[in-house]
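As structure tokens, the structure follows; a few thoughts come after it.
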Amino acid sequence: MTGPPPILAVGAAVIDEWYAVSNLPEPDGGAFASEVTTAFGGVGANVSVALDRLGRDVGLVSRVGDDEYGRRAREYLADTGVDASRVAVGDDPSTRSVILSDPEGERAIVTAGESFRRLRLSEADREALAAAETVFLTGYTPDAVSRAALDAVESAADPPALAFDLSGSVEELVGRGTEPETVHRLLHAADLFVADAVAAAAYFGGPDAAVERVAAAQRGRGAGRRSAPPGDRWPRAVLTHGADGMTVVADGEVTAFDAFEVDVVDATGAGDSFVAGLIDRWLAESGGGGDARPERTGIAGGVRFAAAVAAINCTSRFAQPGLPSRDEVEAFLAARGI
Numbered sequence: 001m002t003g004p005p006p007i008l009a010v011g012a013a014v015i016d017e018w019y020a021v022s023n024l025p026e027p028d029g030g031a032f033a034s035e036v037t038t039a040f041g042g043v044g045a046n047v048s049v050a051l052d053r054l055g056r057d058v059g060l061v062s063r064v065g066d067d068e069y070g071r072r073a074r075e076y077l078a079d080t081g082v083d084a085s086r087v088a089v090g091d092d093p094s095t096r097s098v099i100l101s102d103p104e105g106e107r108a109i110v111t112a113g114e115s116f117r118r119l120r121l122s123e124a125d126r127e128a129l130a131a132a133e134t135v136f137l138t139g140y141t142p143d144a145v146s147r148a149a150l151d152a153v154e155s156a157a158d159p160p161a162l163a164f165d166l167s168g169s170v171e172e173l174v175g176r177g178t179e180p181e182t183v184h185r186l187l188h189a190a191d192l193f194v195a196d197a198v199a200a201a202a203y204f205g206g207p208d209a210a211v212e213r214v215a216a217a218q219r220g221r222g223a224g225r226r227s228a229p230p231g232d233r234w235p236r237a238v239l240t241h242g243a244d245g246m247t248v249v250a251d252g253e254v255t256a257f258d259a260f261e262v263d264v265v266d267a268t269g270a271g272d273s274f275v276a277g278l279i280d281r282w283l284a285e286s287g288g289g290g291d292a293r294p295e296r297t298g299i300a301g302g303v304r305f306a307a308a309v310a311a312i313n314c315t316s317r318f319a320q321p322g323l324p325s326r327d328e329v330e331a332f333l334a335a336r337g338i
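Those letters in the sequence shown? Residues 1 to 338, by full-length UniProt numbering.
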């Protein structure tokens, strides 16, 4: 096993079963699938591959099953630049997702399979996380793994920057085994916190409450200051609203940004690619910001870069085929005068 890359993501690597449906069914409703196919996905893998496409040296900590799904996932990763040496193989069914995607690119996702839920960090994994420059965690990560990863990050002599994606509503995360106390701990340890409107509203008690509480916490507790002790700082936050843009809360200030208008083919993986863009610009070394607390211009530049990564990805089907290179993102922004 080689030394750890500077960026490590902890998350699932799955095969998505993708259904092109006539509509997303309502409760007790139905839909017709005009096409059924498979593609590679998973939050951890999506973020890792997106960073790899941007030219970053990144590795994935995950677990797959010793079955056809797991074999295909490992073969796919082997064809990318992602370091997959920390992807374990277990004897339980591989985690996989069923994705319903309607003609407008909106989707619903159901996940099954125990392989990722049974991930546990080895001592080598913990050492690699402590030695990394940037660590990404998702709310879908098994609770024991999130806690162990946090212990590793916080005990490091030079703690890595931490990005945390809430990923789902509290009710959904608890159903997957994530404890609310762990989410609370992640929020206070992170340098970057990202959540969609549903997840943020569920955790904070509403979309407006999410913005108000994060801003108030930042003003009172020193947002993202790496010199502050763990538990005594609050991360920069980005709350995403799909095609309606995103709200950034940084240093107690709130700024709204528009999403880029593109012809959406499939929104699967848009949030994960957006997070990867933020990690690239705000947390990774020499990424156009680097500092955990950039100036306001750095905030705007980082959000627009990440939004461009997501927008480009939405113009292709599935979570990863449309992930852009850095040159493609810069060309996209230049074409829009940015």
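Don't be surprised by glycine CBs; every beta carbon is placed ideally from N, CA and C.
Quantities reported herein were computed from a predicted structural model and do not represent experimental measurements.
Cβ neighbour criterion (16 or more within 10 Å) applied to residue i
i, result
"Ser167", "buried"
"Val64", "buried"
"Ser34", "exposed"
"Ala331", "exposed"
"Arg219", "exposed"
"Ile109", "exposed"
"Ile338", "exposed"
"Ser155", "exposed"
"Ala199", "buried"
"Pro4", "buried"
"Leu8", "buried"
"Pro160", "buried"
"Gly206", "exposed"
"Gly29", "exposed"
"Tyr19", "buried"
"Asp258", "exposed"
"Ala216", "exposed"
"Ala73", "buried"
"Ala190", "buried"
"Ala334", "exposed"
"Thr37", "exposed"
"Asp158", "exposed"
Nonlocal neighbours in the same chain, by C-beta distance under 8 Å from residue i, ignoring five residues either side
i, result
"Arg96", "Val14, Ile15, Asp16, Glu17, Tyr69, Thr111, Ala112, Gly113"
"Gly151", "The amino acid occupying residue 151 in the given sequence is Asp; Gly does not appear at that position. These residues qualify, in order along the chain: Arg126."
"Thr315", "Val262, Asp263, Val264, Val265, Gly322"
"Leu187", "Phe164, Phe193, Trp234, Pro235"
"Arg117", "Thr95, Pro142, Arg176, Gly177"
"Val211", "Leu239, Thr247, Val249, Val254"
"Asp91", "Gly65, Asp66"
"Glu179", "Asp143"
"Glu104", "Val264"
Whole-angstrom C-beta distance between residue j and residue i, which should lie under 8 Å
i, j, result
"Leu121", "Val145", "6 Å"
"Gly59", "Arg326", "Contact doesn't hold; Cβ gap of about 19 Å is too wide."
"Arg281", "Ala306", "7 Å"
"Leu119", "Pro142", "6 Å"
"Ala149", "Val49", "Going by Cβ atoms, the distance from Ala149 to Val49 rounds to 20 Å, so no, they are not a contact pair."
"Asn23", "Ala12", "Not a contact, Cβ separation roughly 27 Å."
"Val153", "Ala124", "That belief does not hold up - the Cβ atoms of Val153 and Ala124 are roughly 16 Å apart, past 8 Å."
"Val21", "Leu100", "5 Å"
"Asp52", "Val98", "Contact doesn't hold; Cβ gap of about 26 Å is too wide."
"Pro6", "Asp57", "6 Å"
The alpha helix (DSSP H) enclosing residue i, as first and last residue numbers
i, result
"Gly277", "270-278"
"Ser85", "It is not in any alpha helix (DSSP H) - Ser85 instead sits in the beta strand (DSSP E) that spans 83-90."
"Glu133", "No alpha helix (DSSP H) contains Glu133, which DSSP labels as neither H nor E."
"Thr182", "180-189"
"Phe116", "Element bounds for Phe116: n/a, residue is neither H nor E."
"Glu328", "326-335"
"Val145", "143-155"
Same chain, Cβ closer than 6 Å to residue i, five either side skipped, listed in chain order
i, result
"Val214", "Ala237, Val249"
"Ser255", "Before going further, note that residue 255 is Thr rather than Ser in the sequence given. Val248."
"Arg317", "Val265, Asp266"
Enclosing beta strand (DSSP E) for residue i [first to last residue]
i, result
"Leu100", "96-101"
"Leu8", "7-10"
"Ile299", "From DSSP, Ile299 is part of no beta strand (DSSP E) but of the alpha helix (DSSP H) over 296-313."
"residue 340", "In this structure the chain extends from 1 to 338, so residue 340 is not present and cannot be described."
"Leu192", "192-196"
"Tyr19", "14-21"
"Gly59", "58-65"
Cut-off 7 Å between Cβ atoms - residues of its own chain near residue i, not counting five sequence neighbours on either side
i, result
"Glu75", "none"
"Pro93", "Gly65, Asp67, Gly113, Glu114, Ser115"
"Glu26", "none"
"Gly269", "Gly41, Asn46, Asn313, Ala319, Gln320"
"Ala132", "Pro4, Pro6, Ile7, Leu8, Pro160"
Residue i CB to nearest heavy atom of the ligand FAD below 7 Å
i, result
"Ala202", "By its list of ligands, the structure shown contains no ligand whatsoever, and the ligand FAD lies outside what it can speak to."
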